[in-house]
Ligand SMILES: Cc1ncc(COP(=O)(O)O)c(C=O)c1O
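Numbering (the numbering used here), first residue to last: 85 to 488.
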């Protein structure tokens, strides 16, 4: 499983502390359904072209769900490798006993970073000859070979060597005998475009990617695993699958765009819940919260809920979001504050101090997803998921159920 020869010993995954808290009196928490992630991984894997494997993208602490439980669930569901953005994210997974191949998708340019990569058997992304030569020198110094992935810029204009110089850099990597080319990849800039087929940009990126692959084949240069698709590219269909796909958002149960929903049945894995800490009855006309952005239109019962923008609820949702309680929707009112928000509970007499409301996730037949928040505040579901701060403990959903 480990992508290189000499193996340092990692603590076993079963020794690792649980990443999820279990405190029975949380004010608010993120609930993570690891079984949903496992099922999403296995459904995604089954959807892929035969021979194509799933890389679970677990960067940014598993898109806010907790990198370790997500990695474990995705690997149990059939993912063959993991993708992280930073060196530390990869090291953390190794230190917690994860042995699967890990690709670091950010750029590592310092000798210390690349040395650490070698030590922990993480595969760096190579965009230029400089970091390739440095990696080679470091690997040669230890007598080992270092597995790397070459990144091509085919139209994202972020990381990667310009695709026109891709075959030449690949040839240079092959000349460095302490490097092993484990993969060649690129990243799509517009795969979730809402047209009927792939967008012009996706088509152009794929043509450029294939052009480099042809040049490599003509020169007899092995590419290792070829990969291009993120979630949107993967759900788009087999033409973008190649040998491996790097899937983030879909693994967590969300389609990257409405027209890609339903390709694979996906279960959202995150719930965000918080407790009511105070109920207050106010007369009509009372102004509520900072700036009095909402005035009670009638005698009202307000509930104070113990979660705010410091926990990751965007303040721009003030007066524009709802929460779920007993399967029904209750409006949030007034400015969302740092640690608390208010809801209008006038029509919900069953709500009590200590009741748990759902901000994101399901309650009965109702569901509020990150895509709903994203549409309201003009962002994307990725940013909503990654926005939940560590003040909110991550609870496994089977444990959190006892909380309500
Ligand atoms: C290089 C790369 N590959 C794959 C992904 C996964 O993208 P998605 O969450 O859309 O599947 C990302 C995420 O931003 C990425 O940066």
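Glycine included, every Cβ here is placed at the ideal spot set by N, Cα and C.
Handout entry: Residues bridged to residue 328 (per DSSP)
Key = As a working note, residue 328 is residue 244 in the chain shown. DSSP output for residue 328 lists 137, 311 as bridge partner(s).
Exercise for the section: Output the residue ranges of the beta strand (DSSP E) runs that lie fully inside the region 241 to 327 and measure 3 residues or longer, sorted by chain position. Expected result: 263 to 269, 309 to 311
Handout entry: Three-state class that DSSP yields for residue 225 in the structure shown
Key = On the chain shown, residue 225 is found 141 positions in, with the first residue counted as 1. Residue 225: helix per DSSP, three-state reduction.
Problem - Alpha-carbon spacing of residue 165 relative to residue 174, whole angstroms - result: In the chain shown, the residue the question calls residue 165 occupies position 81. In the chain shown, the residue the question calls residue 174 occupies position 90. Near 12 angstroms, if we compare the C-alpha coordinates of residue 174 and residue 165.
Handout entry: Distance cut-off 8 angstroms: residue 340 Cβ against heavy atoms of ligand 1
Key = Here the question's residue 340 lines up with position 256 in the chain shown. Residue 340: yes, Cβ under 8 angstroms from ligand 1.
Handout entry: Presumed contact (8 angstroms Cβ cut-off) between residue 471 and residue 369, rounded CB distance
Key = To locate residue 471, count along the chain shown from 1; it is residue 387. To locate residue 369, count along the chain shown from 1; it is residue 285. Contact doesn't hold; Cβ gap of about 34 angstroms is too wide.
Practice task
Leaving out five residues on either side along the sequence, give the residues of the same chain with a beta carbon under 6 angstroms from the beta carbon of residue 365.
Solution key: Working through the chain shown from its first residue, we reach residue 365 at position 281. If we look at residue 365 and ignore the five residues flanking it on each side, its Cβ neighbours are 385.
Practice task
Let me know the secondary structure DSSP gives residue 115 once reduced to three states.
Solution key: By 1-based counting over the chain shown, the position of residue 115 is 31. Looking at residue 115 - three-state DSSP - the assignment turns out to be strand.
Exercise for the section: Spell out a yes or no on whether the region 380 to 394 and the region 152 to 172 are touching, meaning 3 or more CB-CB pairs, one atom from each, closer than 8 angstroms. Expected result: no
Practice task
Confirm the yes/no value for this check: CB of residue 143, any heavy atom of ligand 1, distance under 8 angstroms.
Solution key: Against the chain shown, residue 143 aligns to sequence position 59. True, at least one ligand heavy atom lies under 8 angstroms from that Cβ.
Handout entry: As assigned by DSSP and simplified to three states, the class of residue 402
Key = The residue given as residue 402 occupies position 318 in the chain shown. Here residue 402 sits in coil by DSSP.
Practice task
Output yes or no for whether 9 angstroms exceeds the beta carbon distance between residue 401 and residue 414.
Solution key: Taking the first residue of the chain shown as 1, we reach residue 401 at position 317. Taking the first residue of the chain shown as 1, we reach residue 414 at position 330. Not in contact: residue 401 and residue 414 (Cβ atoms no closer than 9 angstroms).
Practice task
Classify residue 469 as buried or exposed, calling it buried when 16 or more other Cβ atoms lie within 10 Å of its own Cβ.
Solution key: By 1-based counting over the chain shown, the position of residue 469 is 385. Under this definition residue 469 is a buried residue.
Problem - Opening and closing residue of the alpha helix (DSSP H) in which residue 460 lies - result: As a position in the chain shown, residue 460 is number 376, starting the count at 1. Its alpha helix (DSSP H) spans residues 454 to 461.
Problem - Distance, residue 383 Cα to residue 373 Cα - result: Taking the first residue of the chain shown as 1, we reach residue 373 at position 289. Taking the first residue of the chain shown as 1, we reach residue 383 at position 299. Going from the Cα of residue 373 to the Cα of residue 383 covers about 16 angstroms.
Handout entry: For residue 142 and residue 356, believed in contact at Cβ under 8 angstroms, the rounded distance
Key = Residue 356 sits at position 272 when you count from the first residue of the chain shown. Residue 142 sits at position 58 when you count from the first residue of the chain shown. Between residue 142 and residue 356 the Cβ distance is about 19 angstroms, and since that is not below 8 angstroms, they are no contact.
Practice task
With DSSP as the reference, label residue 379 as helix, strand or coil.
Solution key: In the chain shown, counting from the first residue as 1, residue 379 sits at position 295. Three-state DSSP puts residue 379 in a strand.
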